[in-house]
Amino acid sequence: MFQVRIHGRGGQGVVTAAEMLSIAAFREGRHAQAFPSFGSERTGAPVVAYCRIDDREIRLREPILQPDALIIQDPTLLHQVDVFGGLAPDGYILINTTRTFDALGLGEFVRDFRAEHLCTVNASELALKHVGRPVPNAALLGGFAAVTGRISLQSVVAAIRDKFRGQIAEANVAAATEAFDFVTRETRERSHAETD
Amino acid sequence: MLKQIEGSRAVAAAVALCRPEVICAYPISPQTHIVEALGEAVKAGELPHCEFINVESEFAAMSVAIGASAAGARAYTATASQGLLFMAEAVYNASGLGLPIVMTVANRAIGAPINIWNDHTDAMSQRDCGWIQLFAETNQEALDLHIQAFRLGEELSLPVMVCMDGFILTHAYERVDLPAQAQVDAWLPPFEPRQVLDPAEPVSIGAMVGPEAFMEVRYLAHAKQMRALELIPAWAEEFRGAFGRDTGGLTHTYRTEDAEVIVVALGSVLGTIKDTVDAMRESGAKIGVLGITCFRPWPAAAVRAALAGARRVVVLEKSLAVGLGGIVSSNVRTSYPGAPDSVHTVIAGLGGRAITREALARVFAEALAGALAPLTFLDLDRTMVERALAREREQRRSGPIAENILRDLGTVASRAG
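Chains A and B supply the protein sequences, listed in that same order.
Numbered according to the numbering used here, the first sequence spans residues 316 to 511.
Numbered according to the numbering used here, the second sequence spans residues 4 to 420.
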């Protein structure tokens, strides 16, 4: 089972991101379960949503306590909420930011993590550019597909089109695709740098 | 057709496949998405013979459902929590009159303190109201139970409550197999009412009945529920033949063969319990699970048969009978052939408190070791409780309990957990 926890704030499409991720996994013939943290929804309040992916039926209903991957939609949560709770050093971290892990004050924390599992992408800017609103969820799913390889970009695109219609769907597809390309490039450059 | 959709949407789709004629509801979380989806379907003309009636309260919702059902319409509504309490008088009327309304209860705690999260207190408050009560373990089962509920209710002329865990199921996206309209049409015959308000053949429904016959009317309601104990498993079997899924029925056992301890529960927590039991089985623990799908009528014989070989029984329940302990466990004790004090009550998940494998494994291990208390509150924060009790000892005007505890926690608004 692969477990993903998504942290963000009310209004950033955190719950929708988990739902779209589950749809993307479903389209690849896998079992998936997405659910929110069930708070009273308020714009700006910390929100958590979860997605489990497995090859067999998922029965577990507890919140995700030991995630394999984290998507952090809002870096201001880093020092406010225990976003890293339960994450093992071989886990994935994807953060929506223009800054580096070091600049975010996370250098020491991620020292033992695998470098190719850590990634930042400016998803809010990509969303502003394509969608016209800083809703980073779809772009981050594109980045997630690139950094984890657990799901294809095509499935993410299909999930976006399942959830949204028309122009909004296509704008989010463009944001997700650009984020996917950006993260793929970053990862490739980093691995080249390490090889050299 | 396989779909990855929200539980609420899956239930709405199932209800739509049952060709309802009147849908009425008043919005309350976590039920709202179900009737929203049905409202959209009616507005879009997808349910041409169905009227969606907006009402001003839950009391009105049930009253409209009663009127519609008495006029011969297939009627549906949904509610939760305080909404169910607000309609309680009409809930009793629906069953007393023998009207086969189907209602989804998206299970949620009852205030005060106000709490929108999941537990079973709402449904349990109406356990003796005369409705059949079915509890879904998954969204697939919730979907299937609604199709079974219309047929069962209409055959017996009794209303049926389909209970599904609020948020945990209603707001979860997971895979469901949505049947085709033709499959549902073949399995669910049109509503043929036993009684109908028809101007061409006038009757009155709802007579006052005095001591001369009230007991007999109540007895007949009980007899109908006893008949449901035969129909429910028979039709679950038939449903399996038609739809290929083992959903519904009275109870489901899991790894109970040779089990010394059997855990009894209702609803979605059964999944987490099964995963916990699988892990414990790997290390040799003889433990199994009994899931109760049908809570009313109480499936006494099925429970007795399932528990016959168990030395101890752990009833894990998401409701609290304040001043007594467990509601489900009190029912289980009537059907456990062993000593009543071998049935342990574990109150868990009240007001949305997460029920984790770690906590479950701890209490199950205690039960296997014979060290589990008669009544346990899973993951109760004793420090928090002691602090509140100390405050009450120290000062007469100790103030409102909920607000004091939130202040102790350093929070002013409740948080998800």
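By construction, the Cβ of each residue, glycine as well, lies at the ideal position given by its N, Cα and C atoms.
Residue nearest to residue i in terms of C-alpha spacing, selected from the options
| i | options | result |
| --- | --- | --- |
| F138/B | A19/B, S271/B and S332/B | S271/B |
| E260/B | V280/B, D125/B and L87/B | V280/B |
| L293/B | A308/B, G247/B and L87/B | A308/B |
| G323/A | S337/A, P449/A, T499/A and L443/A | P449/A |
| V363/A | A333/A, A347/A, R342/A and I373/A | A333/A |
| T141/B | S11/B, A362/B, A370/B and G133/B | S11/B |
| A73/B | G114/B, Y29/B and V25/B | V25/B |
| R258/B | D278/B, S60/B and I117/B | D278/B |
| L223/B | R396/B, L159/B and G75/B | L159/B |
| V498/A | K478/A, T463/A and Q482/A | T463/A |
| G420/A | Y407/A, T391/A and A430/A | T391/A |
| R374/A | R178/B, P192/B and G169/B | R178/B |
| Q7/B | A216/B, L181/B and V325/B | L181/B |
| V316/B | P196/B, A372/B, A362/B and S322/B | A372/B |
| E501/A | L393/A, V398/A and A430/A | A430/A |
Sub-9 Å separation of residue i and residue j beta-carbons
| i | j | result |
| --- | --- | --- |
| T107/B | V14/B | yes |
| E372/A | T275/B | no |
| L336/A | L456/A | yes |
| N334/B | F380/B | no |
| M65/B | V94/B | yes |
| A453/A | V471/A | yes |
| V105/B | V165/B | yes |
| A442/A | L409/A | no |
| V436/A | A494/A | yes |
| D382/B | T359/B | yes |
| P103/B | F153/B | yes |
| P33/B | T173/B | yes |
Separation of residue j from residue i, as counted between CA atoms
| i | j | result |
| --- | --- | --- |
| G420/B | I31/B | With a pLDDT of only 41 at G420/B, under the threshold of 50, the placement of this residue in the model should not be trusted, and no figure is reported. |
| P382/A | S352/A | 14 Å |
| P51/B | Q129/B | 33 Å |
| S286/B | A368/B | 11 Å |
| E241/B | Q136/B | 20 Å |
| A282/B | I475/A | 37 Å |
| L5/B | M167/B | 20 Å |
| E406/B | V388/B | 13 Å |
| G350/A | E219/B | At residue 350/A the sequence reads Phe, which differs from the Gly that was named. Rounded to the nearest angstrom, the two C-alpha atoms are 48 Å apart. |
| D336/B | P302/B | The displayed chain sequence assigns Arg, not Asp, to residue 336/B. Roughly 12 Å between the two C-alpha positions. |
| A461/A | I37/B | 35 Å |
| A185/B | C21/B | 11 Å |
| H346/A | W238/B | 28 Å |
| V331/B | T348/B | 9 Å |
| A305/B | V18/B | 29 Å |
| V319/A | A484/A | 23 Å |
| L41/B | K444/A | 36 Å |
| M229/B | P361/A | 49 Å |
| A351/B | H507/A | 52 Å |
| L155/B | C27/B | 21 Å |
| I295/B | P192/B | 27 Å |
| T82/B | I119/B | 13 Å |
| R77/B | D370/A | 40 Å |
Run of the beta strand (DSSP E) containing residue i, from where it starts to where it stops
| i | result |
| --- | --- |
| V475/A | It should be pointed out that residue 475/A corresponds to Ile in this sequence rather than to Val. Run containing I475/A: none in the beta strand (DSSP E); it sits in the alpha helix (DSSP H), L468 to K478. |
| F138/B | I135 to F138 |
| T435/A | L433 to V436 |
| N411/A | Y407 to N411 |
| M167/B | V163 to D168 |
| I386/A | A384 to I387 |
| L5/B | L5 to E9 |
| V319/A | F317 to R324 |
| F380/B | L378 to F380 |
Residue i - containing alpha helix (DSSP H), residue span
| i | result |
| --- | --- |
| H149/B | N142 to L159 |
| E177/B | Premise fails: E177/B lies in the beta strand (DSSP E), Y176 to D180, not in any alpha helix (DSSP H). |
| V187/B | Q184 to W190 |
| T124/B | T124 to S128 |
Complete runs of the alpha helix (DSSP H) confined to the stretch 292-376 of chain B [at least 4 residues]:
303-310, 331-336 and 360-371
Enumerate, from N- to C-terminal direction, the unbroken beta strand (DSSP E) stretches of 3 or more residues contained entirely within the stretch 58-105 of chain B.
78-82
At what residue ranges does the stretch 230-274 of chain B contain a whole run of the beta strand (DSSP E), taking only runs of 3 or more?
254-257 and 264-268
Which parts of the stretch 334-370 of chain A are runs of the beta strand (DSSP E), unbroken and 3 residues or longer, counting only runs that do not cross its ends?
346-351 and 361-369
Ignoring anything shorter than 4 residues or poking outside the stretch 14-65 of chain B, list the alpha helix (DSSP H) runs there in chain order.
35-46
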